[in-house]
Each structure stands twice: as structure tokens, then as C-alpha cells.
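S.K.: Numbering (our numbering), first residue to last: 35 to 322.
Each residue gets a CB set at the ideal place from its N, CA and C atoms; glycine is no exception.
Only a predicted model underlies this, so the values are computations on that prediction, with no experimental measurement involved.
Handing you this structure, nothing more for now.
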Ligand SMILES: C[S@@+](CC[C@H](N)C(=O)[O-])C[C@H]1O[C@@H](n2cnc3c(N)ncnc32)[C@H](O)[C@@H]1O
């Protein structure tokens, strides 16, 4: 029988889920506090008088659109934050998040525990590179792939900010599936792979990414990039109607011949006010 785990990101000095409830959440990001919609926070908040520097007001279409209403002065170009050795810029994006995903911290820690000096790690859909830098800080050699030139540029800027500009990181603006297929043809091998795919996306040449349609093929490419020296593969999925069991079985099947174990479950952040857990994503991860 498969056991479902709850992987909790605890508050860290520069980030915390302060309070949540009535369909919203209050979070601190460095010296700023923001309120964002959170349909899963169906409970009553601990406090009724939230003070924040801004609110994200969702558009009525519920398609993720909307905009920020900033009530105090917040630098438009962003501000610096820190997670362990990684320094990076947080920013109010039009996509309602802050240019990184704080609930990934528990996955970064887990991968760091399995990463050694000189290990080759592939980060697909790497976005602004906080995960990449978290592993580079452990001495790993990273390949960071994202379709967005702007995100890759932010990743490089974050590397500079973290004094890691000289680390062995290949920054690739590419389609995740095409890149993985090319690496497979080149018979490249990785010690670890991280994939955090969106529900829908586009590669730099307009290649369409649809999670349900393209994930199985991408996992096959990833399997071919792992071998008897490989240590982990982490897959996280959010904003999709999909069960952790489903992505767990996908990994179980694709990676069966490698041995090791697959864990599956929900990711959550712990609220500071009462310790309750706010779910953010599902995951499946293989390790050996
Ligand atoms: C939500 S982000 C991943 C978050 C990141 N792993 C983190 O923790 O900060 C999803 C990323 O996928 C990228 N993306 C979307 N479609 C893609 C594709 N076909 N190939 C490569 N990257 C893609 C987007 O540019 C975006 O940066």
C-alpha cells in the first residue's frame, strides 16, 4: 500500500505564512507582507485585522488573472531575500506570486541532503533559479532549463547576488522536452533531476507543454538520463486536478528497473499563527 506523506515547509527567517482563512492568506516576504487569494483556506483566520503592504485582487474570471493593489511603497524592481546561502530578488509578478515558490524549500533541503560535490543535477522548468542555486551551493554542477529568457536572466542575476556567478551552472533557454530528448541522444547522465512543470506552458519556439499530455514522455527521457549512480528525481505538480498517487505510479513504473524507492504526497506550508497546514502542491520523488 502506498503511504501518502505530508511534506511541510516551515517558516524561515525571510518567509512565513503568517495567517490564513476566509479564502485568503497573509504572508511575509522579507520586510513586506502581502495578502493573496487562497480558495483552500476555508477556515477562519486567527486575526481579523491583517496589515499588509499589498493585496492581489483576483479578476472575476478565476483564471488566475488579476492585479496587485499596493498600499505602501514596494520597490517595483523587487527586493532581496535569502534562503540558506541563496540570495535572490522577490517581486510582485502579474501571475500573483512573488518570483519564487517558498513551499519548494522542503524539497530543496531534501535534495541538498542527497547532493555531493561535483554531482550533475538537471533542473527542468527552473524559473528564477532559487532551486538551482540551493544545489549549486552544495557543490553540484547544475543544468538549469527554462523556456523564458527573462526567467533565466533573473536566475543569473540571483547567482550574482548569491556570489555564485562563477559556479558550474549551464543556463539554458530551451524547451524542457526538447532539451531532455537532446540530452538523451547525447547519452548524458545526471545524479539528480528536479522537475516543477506548470499545467500549461510554451517553449521558446512556441512548443506547447500540457502536463497530462507531455509528462509521461518527459519522465521517459528523464529515466534515460539516470543510471546506477543516480540519487534522486523530484517531481512537483500544482494547480492541476491530479492525485499524488497518479504521479507516484508514473514514477514507480518508469523508474522500476533502477531500484530505490518512490515517495508521494502533498506539499504544504505551516501557518505561523496556529501551525495549521496550507496545501500547495503534490509531489512524487525517487531516491536511492
Ligand atoms: C512555476 S515555474 C517553476 C518554479 C521553479 N521550479 C521554482 O521553484 O522557482 C514554471 C516554469 O516553467 C517554464 N516553462 C513553461 N513551459 C516550458 C517549456 N515548454 N519548457 C521549459 N520551461 C517551460 C516557465 O517559463 C516557468 O518559469
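Let me know if residue 250 comes out buried or exposed under the rule of 16 or more other beta-carbons within 10 Å of its beta-carbon.
M.R.: The residue labelled residue 250 in the question sits at position 216 within the chain shown. Its Cβ having fewer than 16 others within 10 Å, residue 250 is exposed.
S.K.: Please indicate yes or no: does the CB of residue 164 lie closer than 7 Å to some heavy atom of ligand 1?
M.R.: Here residue 164 corresponds to residue number 130 of the chain shown, with the count starting at 1. It does: the Cβ of residue 164 is within 7 Å (strictly closer) of some heavy atom of ligand 1.
S.K.: Is the closest heavy atom of ligand 1 to the C-beta of residue 232 under 7 Å?
M.R.: Taking the chain shown and counting its residues from 1, one reaches residue 232 at position 198. Indeed, a heavy atom of ligand 1 lies less than 7 Å from the Cβ.
S.K.: Tell me the DSSP secondary structure of residue 181 in three-state form.
M.R.: By one-based count along the chain shown, residue 181 stands at place 147. Residue 181: coil per DSSP, three-state reduction.
S.K.: Can the beta-carbon of residue 252 be found closer than 8 Å to that of residue 296?
M.R.: Against the chain shown, residue 252 aligns to sequence position 218. Against the chain shown, residue 296 aligns to sequence position 262. Contact: no.
S.K.: With a threshold of 16 other CB atoms inside 10 Å of the CB of residue 225, please say whether the residue is buried or exposed.
M.R.: As a first step, residue 225 must be located in the chain shown, where it is residue number 191. Buried: at least 16 other Cβ atoms inside 10 Å.
S.K.: Identify every residue that forms a DSSP beta bridge with residue 89.
M.R.: As a first step, residue 89 must be located in the chain shown, where it is residue number 55. Its beta-bridge partners are 69, 103.
S.K.: How big is the Cα-Cα spacing for residue 185 and residue 81?
M.R.: For this step, residue 185 is matched to residue 151 along the chain shown. For this step, residue 81 is matched to residue 47 along the chain shown. Taking the straight line from one Cα to the other gives about 36 Å.
S.K.: Can residue 266 be considered in contact with ligand 2, in the sense that its beta carbon sits closer than 7 Å to one or more heavy atoms?
M.R.: Among the ligands in the structure shown, ligand 2 does not appear; only ligand 1 can be found there.
S.K.: Could you tell me if the beta carbon of residue 241 falls within a distance shorter than 7 Å of some heavy atom in ligand 1?
M.R.: In the chain shown, counting from the first residue as 1, residue 241 sits at position 207. Within the cutoff, so yes.
S.K.: Closer than 6 Å by C-beta to residue 317: which residues in its own chain qualify, once you throw out the five before and the five after it? Chain order, please.
M.R.: Residue 317 sits at position 283 when you count from the first residue of the chain shown. Closer than 6 Å at Cβ, skipping near neighbours: 270, 301.
S.K.: Are the CB atoms of residue 259 and residue 222 nearer to each other than 8 Å?
M.R.: Along the chain shown, one-based indexing puts residue 259 at 225. Along the chain shown, one-based indexing puts residue 222 at 188. Contact flag set, yes.
S.K.: Using a 10 Å radius around the Cβ and a threshold of 16 neighbouring Cβ atoms, would you call residue 37 buried or exposed?
M.R.: Stepping through the chain shown from its first residue, residue 37 is reached at position 3. Counting Cβ neighbours within 10 Å, residue 37 comes out exposed, since fewer than 16 surround it.
S.K.: Could you say which of 64, 99, 67, 54 lies nearest to residue 78 if we only look at CA atoms?
M.R.: For the purposes of this step, residue 78 is identified with residue 44 of the chain shown, where counting begins at 1. Ranking 64, 99, 67, 54 by Cα distance to residue 78 puts 54 first.
S.K.: Going by beta carbon distance, what residues of the same chain come within less than 6 Å of residue 174, once the five residues before and after it are set aside?
M.R.: Along the chain shown, one-based indexing puts residue 174 at 140. Within the same chain, residue 174 has close Cβ partners 149, 153, 155.
S.K.: Indicate, with yes or no, if ligand 1 has a heavy atom lying under 7 Å from the CB of residue 130.
M.R.: Position 96 of the chain shown holds residue 130. Not under cutoff, so the answer is no.
S.K.: Could you name the residues that DSSP lists as bridge partners for residue 39?
M.R.: Along the chain shown, one-based indexing puts residue 39 at 5. 299.
S.K.: Can you tell me where the alpha helix (DSSP H) with residue 322 in it begins and where it stops?
M.R.: Along the chain shown, one-based indexing puts residue 322 at 288. Looking at the DSSP string, residue 322 is not in any alpha helix (DSSP H), and its letter there is neither H nor E.
S.K.: Starting from residue 75 and walking both ways along the alpha helix (DSSP H), at which residues does that stretch end?
M.R.: As a first step, residue 75 must be located in the chain shown, where it is residue number 41. From DSSP, residue 75 is part of no alpha helix (DSSP H); its letter is neither H nor E.
S.K.: Evaluate the contact criterion for the region 228–243 versus the region 107–119: three or more CB pairs, one atom per stretch, below 8 Å.
M.R.: Segments in contact, no.
S.K.: Return the bridge partner residues of residue 243 from the DSSP annotation.
M.R.: In the chain shown, the residue the question calls residue 243 occupies position 209. DSSP output for residue 243 lists 235 as bridge partner(s).
S.K.: With burial defined as no fewer than 16 other Cβ atoms inside 10 Å of the residue's Cβ, what is the status of residue 101: buried or exposed?
M.R.: Taking the chain shown and counting its residues from 1, one reaches residue 101 at position 67. Flag for residue 101 reads exposed.
S.K.: Beta-carbon within less than 8 Å of residue 218's beta-carbon, same chain only, minus the 5 sequence neighbours each way: which residues are those?
M.R.: Here residue 218 refers to the residue found at position 184 of the chain shown. Closer than 8 Å at the Cβ level, and outside the excluded window around residue 218, lie 255, 258, 259.
S.K.: Kindly list the residues whose CB is nearer than 8 Å to the CB of residue 137, restricted to its own chain and excluding five residues on each side of it in sequence; keep chain order.
M.R.: Taking the chain shown and counting its residues from 1, the one referred to as residue 137 is at position 103. Same-chain partners within the cutoff: 43, 301, 302, 303, 314, 315.
S.K.: Name the two residues that bound the continuous alpha helix (DSSP H) containing residue 212.
M.R.: Walking along the chain shown from the start, residue 212 turns up at place 178. Looking at the DSSP string, the run of the alpha helix (DSSP H) that includes residue 212 is 210–219.
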